[in-house]
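Asks: Position 35, counted from 1, in the sequence shown is what UniProt numbering calls 35; the numbers after and before it change by one each time, with no gaps. Structure provided below as structure tokens; questions to follow.
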Amino acid sequence: MPRGPLTGRLRVPGDKSISHRSIMFGALAVGETRVTGLLEGEDVMATAEAMRKMGAQIEKIGGEWRIHGVGVGGLLQPESPLEMGNSGTSTRLLMGLIAGHDITATFTGDASLSKRPMGRVIEPLSQMGASFEASEGGTLPLTMRGASPGVPITYRLPVASAQVKSAVLLAGLNTAGITTVIEPVPTRDHSERMLRGFGAELEVEEVDGERIIRIYGEADLSPQQVEVPGDPSSAAFFIVAALITEGSDLMVENVGLNPTRAGLIGVLRDMGGSIEELDRREIGGEPVADLRVRYSKLTGIDVDPAVAPSMIDEFPVLFVAASQASGTTTTSGLDELRVKESDRLSAMATALALAGARVEEHEDGLTIYGSGGEPLAGTGDQPIATHLDHRIAMSMAVAGLAARDGVEIDDTSPIATSFPNFMALLDEAAA
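Structure (structure tokens):
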């Protein structure tokens, strides 16, 4: 593992959520959409391949992706199953897209994705007229038939989930009338921002603390020029790495700071982290800045469960930061982490304990007793089980920076799903 402070400038890959949507919405626009900064991980490539199977032309020319769309309502019946790999986002959003088209599609995925529940999407899409044959427990492999004409619905989200919200809104694109989603807790809003950017008629209203989102179908989407900002979830690993590695002064460029995604930065600042926003700007409706991150002595805090939806994917690396803080960090309201690519609460509690941190696992969170900046012992020759989960692998690679004997990871290959050049960038920054 690299040992030096993290210095210089680096740019993390494009935002995964925005990359998925730029391909999907480009494929539903008539004409040519051009995308720069696209995240070229396996998950986004699974989305691209699925859209090709349904009629879109998608190719990379130089550093730019060009997408020739088929128009809303123009998706073609795929001739073979849509292979989703490890991507829950691709699966749930594409189920929404297909629900509004009169076509049949079969979804397959890897072992990890095939354990993840799809019932939360199946339920509202069934109300809109789609029909499903899923494996036991509502999992993949799954075959669905869309409905055209579908039925517009008003759907109140039972759990905070941007993927479920997006699936219903995407089904509403080709459904005549107004499809409405009610969010008791706001979740990431990339779909709303980008659908508007592509020309859909969509309105968002806040009533008594709830968000009411209406989309008017049938929509026409216009091709766009999209510049994808850096993924805040990917930037999170370098932010934490710089905060906990003495002597670090690192610039992470072009980071997306959508308020529904940037919860981690606020929490780390509350812990005493030095994170400065420079050249704040807006690109394609999304706020972006360069972040200067300096080594900081962190203090444990009680993390407000209300911030969880805006940093749900960043908790594994926050747990690493907490292990190096002075005092105790408590987290709660994180039940959602038990049904991610792995049970992230259990996986991180086990991994950090193996590396020498003091951790207590609760039903909906972890309590971490920080070392006050003392290095963790490390895992020696005993590798950490990542459970094929990219975020566990990257979080524990960061923990290795603060471990005397380093941290050994059983498998780094899952990192390719979201951040193919992660280890190379980490080596470079800490060289």
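Glycine residues also receive a C-beta, built at the ideal position from the N, C-alpha and C atoms. A quick note: this is a predicted structure, and the numbers were derived from the prediction, not measured.
Report yes if the CB atom of S395 is closer than 8 Å to the CB atom of D43, and no otherwise.
Replies: no
Asks: So, using beta-carbon positions, are V72 and L173 closer together than 8 Å?
Replies: Yes, Cβ-Cβ distance for V72 and L173 is below 8 Å.
Asks: Look at L401 and A241 and say whether their C-beta atoms are less than 8 Å apart.
Replies: yes
Asks: Does DSSP classify D389 as helix, strand or coil?
Replies: Reduced to three states, the DSSP call for D389 is coil.
Asks: Please tell me whether L113 and A167 are closer than 8 Å, where the distance is taken between their beta carbons.
Replies: no
Asks: Taking all protein chains shown into account, decide if E314 is buried (16 or more other Cβ within 10 angstroms of its Cβ) or exposed.
Replies: buried
Asks: Please list the segments of the beta strand (DSSP E) lying wholly inside the segment 239 to 293, counting only runs of 3 or more residues, in order along the chain.
Replies: 249 to 256 and 274 to 283
Asks: Taking the CB atoms as reference points, tell me whether I368 and T329 lie closer together than 8 Å.
Replies: yes
Asks: Within its chain, find whatever has a CB closer than 7 Å to the CB of E336; leave out the 5 residues flanking it on each side and keep chain order.
Replies: I312
Asks: Where do the N-terminal and C-terminal ends of the beta strand (DSSP E) with Q57 fall, by residue?
Replies: Where Q57 is concerned, the enclosing beta strand (DSSP E) stretches over Q57 to I61.
Asks: Below 8 Å on the Cβ atoms is my contact criterion, and I expect S273 with P5 to pass it. Report the Cβ-Cβ distance as a whole number of Å.
Replies: Note that residue 273 corresponds to Gly in the displayed sequence, not to Ser. G273 to P5, Cβ: 15 Å. No contact.
Asks: My output table needs one value for residue 454: the three-state DSSP class, helix, strand or coil.
Replies: This structure cannot speak to residue 454, because the chain is shown only from 1 to 431.
Asks: Restricting to Cα atoms, I'd like to know which of S148, E123 and M45 is closest to L76.
Replies: S148
Asks: Taking R358 as the reference, give the member of L388, G327 and I153 with the closest Cα.
Replies: Considering only alpha carbons, the answer is G327.
Asks: Could you tell me the distance, in whole angstroms, from the CA atom of G378 to the CA atom of G129?
Replies: 53 Å
Asks: With 16 other CB atoms within 10 Å as the buried threshold, where does P152 fall?
Replies: A buried status is given to P152, since no fewer than 16 other beta-carbon atoms sit within 10 Å of its beta-carbon.
Asks: Identify whether A105 lies in helix, strand or coil by the three-state DSSP scheme.
Replies: strand
Asks: Closest to E277 by C-alpha separation, out of D427, V288, V267 and A236, would be which residue?
Replies: V288
Asks: If you draw a straight line from the alpha carbon of L38 to that of P232, how long is it in whole angstroms?
Replies: 14 Å
Asks: For M1, which residues of its own chain have a beta-carbon under 8 Å away from its beta-carbon, when the five flanking residues on both sides are left out?
Replies: With a pLDDT of only 48 at M1, under 50, the local geometry of the prediction cannot be trusted, and the value read off the model is given with reservation. Closer than 8 Å at the Cβ level, and outside the excluded window around M1, lie A397, G400, L401, A403, G406 and V407.
Asks: What would DSSP say about Q225, mapped onto helix, strand or coil?
Replies: strand
Asks: Excluding the five sequence neighbours on either side, which residues of its own chain have a C-beta within less than 6 Å of the C-beta of S22, listed in chain order?
Replies: V35 and V226
Asks: Please name the residue, chosen from R211, A176 and V207, that lies closest to E192 on a Cα-to-Cα basis.
Replies: Ranking the options by Cα distance to E192, first place goes to R211.
Asks: Please classify A29 as buried or exposed, where buried requires at least 16 neighbouring CB atoms within 10 angstroms.
Replies: buried
Asks: Closest by CA to G74, which one among R292, L157, H387 and I103?
Replies: I103
Asks: Using a Cβ-Cβ cutoff of less than 8 Å, which residues in the same chain neighbour E428 once the five nearest sequence positions on both sides are dropped?
Replies: G8 and L10
Asks: Using three-state DSSP, classify E428 as helix, strand or coil.
Replies: helix
Asks: Tell me, to the nearest whole angstrom, how far the beta carbon of S161 is from that of T187; I am working on the premise that it is less than 8 Å.
Replies: 6 Å
Asks: Can you give me the C-alpha to C-alpha distance between S109 and A325, rounded to a whole angstrom?
Replies: Note that residue 109 corresponds to Gly in the displayed sequence, not to Ser. In a straight line, the C-alpha of G109 is about 39 Å away from that of A325.
Asks: Could you name the residues of the same chain whose beta carbon sits closer than 7 Å to that of G177, not counting the 5 residues immediately before and after it, in chain order?
Replies: Here G177 has P152 and G217 as same chain residues with Cβ atoms under 7 Å from its own Cβ, once five neighbours each way along the sequence are excluded.
Asks: Helix, strand or coil, according to DSSP, for S135 in the structure here?
Replies: Note: S135 maps to strand in three-state DSSP.
Asks: Just list the residues that DSSP pairs R156 with in beta bridges.
Replies: I182
Asks: Near residue 486, which residues of its chain fall below 6 Å by C-beta distance, leaving aside the five closest residues on each side in sequence?
Replies: An answer regarding residue 486 cannot be provided, because it is not within the stretch 1 to 431 covered by the chain.
Asks: Ignore the nearest five residues each way along the sequence and tell me which others in M54's own chain have a CB closer than 7 Å to its CB.
Replies: L75, L76 and P78
Asks: Relative to the alpha-carbon of A219, which residue among I98, D208, L291 and T175 has its alpha-carbon at the smallest distance?
Replies: T175
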